[in-house]
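The structure appears below as structure tokens.
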Amino acid sequence: MSLEKPSRDTALDVGVTEDGLDYDALADLLGGHVLDREQHVNSEGFVIRPDEVQEVLSTLKEEAGFDHCACVTAQEYDDRYESIYHLRKYNDPTQELSVIVPSPKDDPHNESAARVYDTADWHEREAYDLVGIDYDDHPDLRRILLPETWQGHPLSQDYNQDQPQIVSLREHANPLQDDKRSEDDPDTMFVNIGPHHPATHGVLHVETVLDGEQIADIEPDIGYLHRCEEQMCQQGTYRHQIMPYPDRWDYISAGILNEWAYARAAEDLADIEVPEYAQVIRTMSAEMCRIASHELALATFALDVFGDFTAVFQYGIRDREIVQNLLEDLTGQRLMFNYLRLGGVAWDLPEPREEYFEKIRDFLDDLPHKLEEIHDLVTGNEIFQMRCVDTGVLSPEQVKQYGATGPVARGSGVDYDLRRDDPYGYYDELDWNVVTEQGGDNFSRVLVRLREVEESARIIEQCVDLLEQWPEDDREIQANVPRTLRPEPDQEIYRSVEGAKGELGIYIRSDGTDKPARFKIRSPCFSNLQTLPEMSQGEYIPDMIASLGSLDIVLGEVDR
Amino acid sequence: MQSAPLPETLANLLGLDPNNTVVMIVMSLIGAALIGALMMTNTALAGPWAKRKITAAFTDRIAVDRIGPYGLFIIVADAVRLLSKELIVPEGVDRPAWDLAPLVIASTALLGFAVIPMGNGIQLADPEVGLAYVFATASMASVGLVMAGYASNNKYSFLGGLRAVAQNLAYEIPLILTGASVVIFAGSLQMSEIVAAQQQSLIGPLPSWYAFVNPFAFVLFMIANLAEVGRNPFDIPEAPTEIVAGYQTEYSSVYFVLVYLGEFIHIFLGGAIIATIFLGGPAGPVLPGIVWFLIKIWGVFLFTQWARSAVPRVRIDQLIEIGWKGMLVLSLANLLLTAVIVGVTV
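Here the protein sequences line up with chains A and B, keeping their order. Using our numbering, you'd call the opening residue of the first sequence number 2 and step up by one each time. Using our numbering, you'd call the opening residue of the second sequence number 60 and step up by one each time.
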């Protein structure tokens, strides 16, 4: 487990103490750059000048070891705009720091962080797109989720929702016009892969410049599935109205993991204690979701590498179906579970309990055999190895630069798993391992997922043991939560859980009402997808497709 | 086993003079129609029905079972469905080539069956260069693929067409060289001679089929054949998840049917070649020759479907590497070795 943990470099240890981060030491490090300090629920926030972003962030990165820019949240207040850079460390994500960059109301702009953290590139583009903050020195500040022709910034205060988005034909790019991108080099060819393409797993558009069969340049174009999830959450009440939305982010069977992200953030914000019994049920059902999600990831990856709807795809779906049935028994739903509640879960395990436990145990007993079958067919296949080993390589440094998490990071040997590193639920009471592989290639990512299925099965087994012996009079599934939840005003929190695809984080700012003032989703797929150009530059088209498959993106979560 | 070609048999059957040229032309046309119909029937069975059933069996599913016994009437339903679809002609396609390509793909493969001895005297013609002819027709399909890819005015199709050329160049040579090793054994290019040469017993009841005489060549040929007909692991010119079905992308309705049909006939032609030069042609106990012949080509079809369901696709550069660096060398070695063995023993 601790294989990859680098011995702490003392220089990168500023402010690290036995009982948490000493923010005074960090403030000393930054000296006069820190204008003000705010208390967020998860960490302290340092307010800095908008033209010192790069300097401050590189100091924090180089000297204090904040190598993970988890998320960039932008929002508009009555008197200012604000960008928050949520920084953490890959070797200890509980060490967090928010860097707050206010910018003036009339001309909101601040220095871009994309030169320090590559991942900030897309995050800042999103902030520009939705909130309207300009980032100076950004390599490519364009809209990312909305069309280029969109008028206004939907999450800014003066945005008129009723304003029709009329774009004259003249302003639209002519779809039949020849693309100029390949004209400089007559040997290359420009190809649009997607938005409708069998291997893009949804509506992803990959603008590709090919040199023969090799990728000369590639740029993912996202936003086709943007459904204003953040805004919808901002218009819903904490207690009941937000919970159904997370199911719709990573909509392929990772619902409970997503719900937990919201639940964790909101519970910490409103100081709700979840009963242990409910935590065990949450842990169990979340791991079921992880198995279902990983099975599907494997199935679709096989689809990309094998060609057609082959046996492996069907085996993956077949095995996932069993988990899906278990989840259906538990939640009454197959995909949009809506099972978690703030402070607990919706209802107890299905009756008769023994029968349900029996079903789970049957599934767990069959699982090793099925995984063996898949290993025989997939990972043991020489052609498969030929295709996947050493293709789409992502180095640990690139992982950190792009803020990649989940199996993508672990496949590159970055030992980062929030279930262990930033424990929540019942994970720290259970016996399981974080899976890592050193290869960083497509093969390693598949292997990580397959081995994580085994670990998830171990977790579920222990949860079942616990639940079976749980005393009947102590089965409390729901804490006491007020009917209308109004967290203290002006609290800010960034909390994340280990979703199926990686770090799924939620930032919430409360304003004393029963709805969040700002609700920001940090989607793991969004960050992971950013690594695609790094992985596929110079590779062949089939390897690019395989890399895309091995990233296991869900466009519902990328675009939100 | 040696019998007169089909037109002659037909003429005799109808009591007409087999030496009359006009009679023979008419009889040849009838014979060609019969063999064409036979192969089309097989394809119709294979495409909409058997392929689905076989793939379903490999992937734990049930597949078509709603219409007719065992879902067989899906063939009719599919035929109506496909033929009644709108033929979409994309803007900017290279018209004569784009229209001709499906015809070339479908018809060239069918041509090959003219010289295949199917047992019970079903063989349209038996020229002395039979095997050379059959290889020639089989490889003509790639012309159709290139035409389709180039004329479609679509970048995916274009890539697919280029891939088809690269793949066929890499695999045609090993395929033919391996076929040539059989010719050395049989001492003839004539199909009936090759079949006749496989009729003696090798050891006990085991016939001297070249698959048993030279299993190495048989395996080589089977692999090269997979590439030739473009099935996994070599379905690279189509590669739906990469280049969206390649050269087929822009075809719809009847043209699509022709392209699809061409592919299946091609698989069957590959099976027929394998059956003839490695599996003793129509030879087999009890059942009539034609039945054995069909069993053998369906066996090869089953093999391609198996590969399709279970084997990952290789990358184009890997395929070319396997073709030029592996298969070519092996097939040359095989040819040389066969020549030496035949030279020493005969």
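By construction, the Cβ of each residue, glycine as well, lies at the ideal position given by its N, Cα and C atoms.
Close Cβ partners of residue i (< 8 Å) along its chain, the five nearest in sequence each way excluded
i      : result
A:I273 : A267, L343, G344, A480, V482
B:L142 : S312, V313, V316
A:K6   : Bear in mind that the predicted position of A:K6 carries a pLDDT of just 46, short of 50, making it unreliable; the figure below should be weighed with that in mind. Once the five neighbours on either side are set aside, the close Cβ partners of A:K6 are N92, D416.
Residue j beta carbon less than 9 Å from that of residue i
i      : j      : result
A:K516 : A:T238 : yes
A:G550 : A:P525 : no
A:L467 : A:V324 : no
A:V207 : A:I219 : yes
B:Q257 : B:Y269 : yes
B:L146 : B:S368 : no
A:E288 : A:I460 : yes
B:F362 : B:M250 : no
B:A210 : B:R154 : yes
B:F293 : B:R372 : yes
A:G412 : A:V449 : yes
B:V123 : B:I113 : no
A:V346 : A:R420 : no
B:S216 : B:G289 : no
A:G404 : A:Q531 : yes
A:I101 : A:L270 : no
A:H69  : A:K401 : yes
A:E504 : A:R523 : yes
A:Q235 : A:R519 : yes
6 Å CB neighbourhood of residue i in its chain, flanking five on each side removed
i      : result
B:E67  : P77
B:T397 : S240, I243
A:P247 : N259, E260, Y263
A:D122 : A115
A:L156 : L131, V132
A:A28  : V35
B:G382 : A229, Y230
A:R484 : none
C-alpha distance - residue i paired with residue j, whole-angstrom precision
i      : j      : result
A:Q574 : B:E252 : With chain A covering 2 to 561 only, the question about residue 574 of chain A has no answer from this structure.
A:G21  : A:Q96  : 7 Å
B:N393 : B:P266 : 21 Å
A:H41  : A:R89  : 14 Å
B:L303 : A:F314 : In the sequence on display, residue 303 of chain B carries Val and not Leu. Roughly 18 Å between the two C-alpha positions.
A:W151 : A:I145 : 11 Å
B:L69  : A:P199 : 50 Å
A:G46  : A:H124 : 19 Å
A:G557 : A:I167 : 26 Å
A:D188 : B:P296 : 21 Å
B:N212 : A:T201 : 23 Å
B:L285 : A:L368 : 34 Å
A:A71  : A:Q242 : 26 Å
B:R374 : A:G16  : 51 Å
B:L170 : A:D320 : 46 Å
B:R111 : B:A165 : 21 Å
A:A303 : A:P105 : 50 Å
A:E462 : A:S445 : 26 Å
B:F360 : B:G330 : 7 Å
A:P635 : A:T332 : Chain A is shown only over 2 to 561; residue 635 of chain A falls outside these bounds and no answer can be derived.
B:P149 : B:L236 : 40 Å
Chain-order list of residues whose beta-carbon lies under 7 Å from that of residue i (same chain, five-residue window excluded)
i      : result
B:F275 : N393
A:D442 : C389, V390, D391, T392, G393, V394
B:I89  : L69
Whole-Å CB distance - residue i paired with residue j, under 8 Å assumed
i      : j      : result
B:T335 : B:V254 : 6 Å
B:P344 : B:F352 : Not confirmed; about 14 Å, so no contact.
B:G106 : B:L320 : 7 Å
B:P233 : B:M386 : 4 Å
A:P490 : A:D512 : 5 Å
A:E112 : A:R561 : Not a contact, Cβ separation roughly 26 Å.
B:G348 : B:G178 : 2 Å
Query - Continuous alpha helix (DSSP H) assignments of at least 4 residues falling wholly in the segment 76–164 of chain A - result: 121–131
Report task. Can you check the segment 32–66 of chain A for any beta strand (DSSP E) of at least 3 residues that lies completely inside it and give the ranges in chain order? Result -> 37–40, 45–48
Query raised in the report: What are the uninterrupted segments assigned as alpha helix (DSSP H) that are 4 or more residues long and contained completely in the segment 497–530 of chain A, given in chain order?
Result: 525–530
**Report entry** Length-filtered (4 minimum) alpha helix (DSSP H) runs lying within the segment 295–322 of chain B
**Finding:** 299–302
Query raised in the report: Which full runs of the alpha helix (DSSP H) of 4+ residues lie inside the segment 252–276 of chain A, going along the chain?
Result: 256–271
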